[in-house]
Amino acid sequence: MATVNHGSNSRIARFRRSQWIELVVRAAHTRRGKIGLIISGIVAVIAFLGPLVAPHSSLSFIGIPFSPASASMPLGGDILGRDVLSRVLDGGWLLLLMALGATAFGIVLGGVAGMAAAYLRGRSDSIIMRTVDVMLAFPALVFVLLLVSLVGPKLWLIMMAVGLVHAPAVARVLRSATLDVSERDYVRAVELQGVKSWKIMRQEILPNLVSPLMVEIGLRLTYSIVIMAGLAFLGFGQPPPSPNWGYMIQENRIGLSANSLAVIAPAALIALFTIGTNTFTDAVARVAIGLERSSGSSEDEVQASDVRLGTGVN
Numbered sequence: 009m010a011t012v013n014h015g016s017n018s019r020i021a022r023f024r025r026s027q028w029i030e031l032v033v034r035a036a037h038t039r040r041g042k043i044g045l046i047i048s049g050i051v052a053v054i055a056f057l058g059p060l061v062a063p064h065s066s067l068s069f070i071g072i073p074f075s076p077a078s079a080s081m082p083l084g085g086d087i088l089g090r091d092v093l094s095r096v097l098d099g100g101w102l103l104l105l106m107a108l109g110a111t112a113f114g115i116v117l118g119g120v121a122g123m124a125a126a127y128l129r130g131r132s133d134s135i136i137m138r139t140v141d142v143m144l145a146f147p148a149l150v151f152v153l154l155l156v157s158l159v160g161p162k163l164w165l166i167m168m169a170v171g172l173v174h175a176p177a178v179a180r181v182l183r184s185a186t187l188d189v190s191e192r193d194y195v196r197a198v199e200l201q202g203v204k205s206w207k208i209m210r211q212e213i214l215p216n217l218v219s220p221l222m223v224e225i226g227l228r229l230t231y232s233i234v235i236m237a238g239l240a241f242l243g244f245g246q247p248p249p250s251p252n253w254g255y256m257i258q259e260n261r262i263g264l265s266a267n268s269l270a271v272i273a274p275a276a277l278i279a280l281f282t283i284g285t286n287t288f289t290d291a292v293a294r295v296a297i298g299l300e301r302s303s304g305s306s307e308d309e310v311q312a313s314d315v316r317l318g319t320g321v322n
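The sequence shown begins at 9 in the numbering used here and counts up one residue at a time.
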């Protein structure tokens with residue numbers, strides 16, 4: 009039986025694990041990536057640092073309802089006469105945190121399910137993918153509303169529900185990628201050593217799923233923001249009077265003709281963050297295509313170097 013040198017495998021594994029850093033750095037240095045990072049970064053700074061610099065309390069009544077922009081209220085007043093600027097500055101941090109949490113939950117759940125289905129195969133694959141098919145039959149917003157209506161509009165439940173609707177799509181993408189990776193020689197070599205399946209998935213397969221994983225993270229973060237803003241617009245979210253960009257659009261839309269900034273400001277921030285994350289995700293996807301085309305030859309160079317040094321596969 010063939011023997012496998014651990015030094016050769018570890019060098020290839022280190023090469024693979026370093027790809028995620030190279031992927032992000034290369035994407036950030038592209039024109040498209042820079043634009044995406046700048047746009048989404050500005051919105052993130054406004055969301056997380058805004059409460060510290062808000063000129064007024066987001067709950068204080070400063071003027072008359074839908075008052076026009078003035079020196080004391082640069083964006084005017086909302087439906088109850090509260091400062092729109094202060095509410096915009098204080099209304100995004102929780103929305104972004106919940107979106108990040110939902111994205112992380114969906115990526116982890118879907119990633120584990122997709123890798124397990126592809127690598128374990130057989131009955132496990134059948135059960136997991138049939139469950140995925142059933143979940144994909146429900147529209148995302150309808151599925152979240154169903155869960156929230158059954159249990160109640162708790163913030164943790166909304167975050168988990170949004171993450172849950174991401175999991176099926178993530179599972180499908182990573183299952184397809186895992187099927188390809190699991191057939192490669194270095195995975196087969198580790199299997200011959202009797203390494204447990206979960207260790208192979210974590211140490212050998214997962215590092216090689218960085219490209220589709222990074223793209224999915226960007227896409228799911230964008231979808232999380234849109235879904236959560238939509239839920240807030242429908243009244244399922246951070247309870248009033250606490251500010252929320254989605255709910256601000258809903259409550260101020262009746263005064264659009266009197267003070268349009270009360271609606272435009274939160275809507276613009278949601279749109280800009282979505283555009284920024286989408287743009288950076290597209291940059292990551294474009295860079296990933298180039299890295300995948302060159303990864304085969306780079307891995308061959310690593311193996312060839314080991315063979316020349318007498319440390320390759322015998």
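A virtual CB, placed ideally from N, CA and C, is assigned to each residue, including glycine.
With 16 other Cβ atoms within 10 Å as the buried cut-off, status of residue i
i: Trp206; result: exposed
i: Ala145; result: exposed
i: Ala273; result: buried
i: Trp164; result: exposed
i: Arg95; result: buried
i: His174; result: buried
i: Arg138; result: exposed
i: Ile54; result: buried
i: Glu259; result: buried
i: Val142; result: exposed
i: Gln201; result: exposed
i: Glu212; result: buried
i: Ile56; result: This sequence places Phe at residue 56; Ile is not what is there. Phe56 should be labelled exposed.
i: Val116; result: exposed
i: Pro251; result: buried
i: Val156; result: buried
Where the alpha helix (DSSP H) containing residue i begins and where it ends
i: Asn260; result: Trp253 to Asn260
i: Met236; result: Val218 to Phe241
i: Asp98; result: Val92 to Asp98
i: Val159; result: Ala148 to Val159
i: Thr186; result: Leu163 to Val189
i: Thr38; result: Careful: Thr38 lies outside any alpha helix (DSSP H) and carries neither H nor E.
i: Leu200; result: Asp193 to Leu200
i: Arg129; result: Premise fails: Arg129 is in no alpha helix (DSSP H) and is neither H nor E.
i: Ile208; result: Ser205 to Ile208
Residue i: CB within 8 angstroms of a non-hydrogen atom of the ligand HEM
i: Leu105; result: Absence of the ligand HEM from the depicted structure is noted, as is the absence of any ligand whatsoever, leaving it without description.
Neighbourhood of residue i by C-beta distance below 6 angstroms, restricted to the same chain and skipping five residues each side
i: Ala35; result: Gly41, Ala291, Val292 and Val295
i: Ala179; result: Gly118, Ala121, Gly122 and Val140
i: Trp28; result: Val218
Cutoff 7 angstroms; reference residue i; Cβ partners in own chain excluding five residues on either side
i: Thr282; result: Thr230, Ile233 and Val234
Beta-carbon spacing of residue i, residue j below 9 angstroms
i: Asn286; j: Gly226; result: yes
i: Ala270; j: Val150; result: no
i: Met167; j: Met256; result: no
i: Gly85; j: Asn267; result: yes
i: Arg228; j: Gly130; result: no
i: Ile136; j: Ala148; result: no
i: Gly8; j: Val33; result: For the chain, the structure presents residues 9 to 322; residue 8 sits outside this window and is missing.
i: Leu103; j: Gly245; result: yes
i: Leu182; j: Leu128; result: no
i: Val195; j: Val189; result: yes
i: Glu224; j: Ala169; result: no
i: Thr289; j: Gly44; result: yes
Same chain, Cβ closer than 8 angstroms to residue i, neighbours up to 5 away in sequence not counted
i: Ile329; result: Outside the displayed span of the chain (9 to 322) sits residue 329, for which this structure offers no information.
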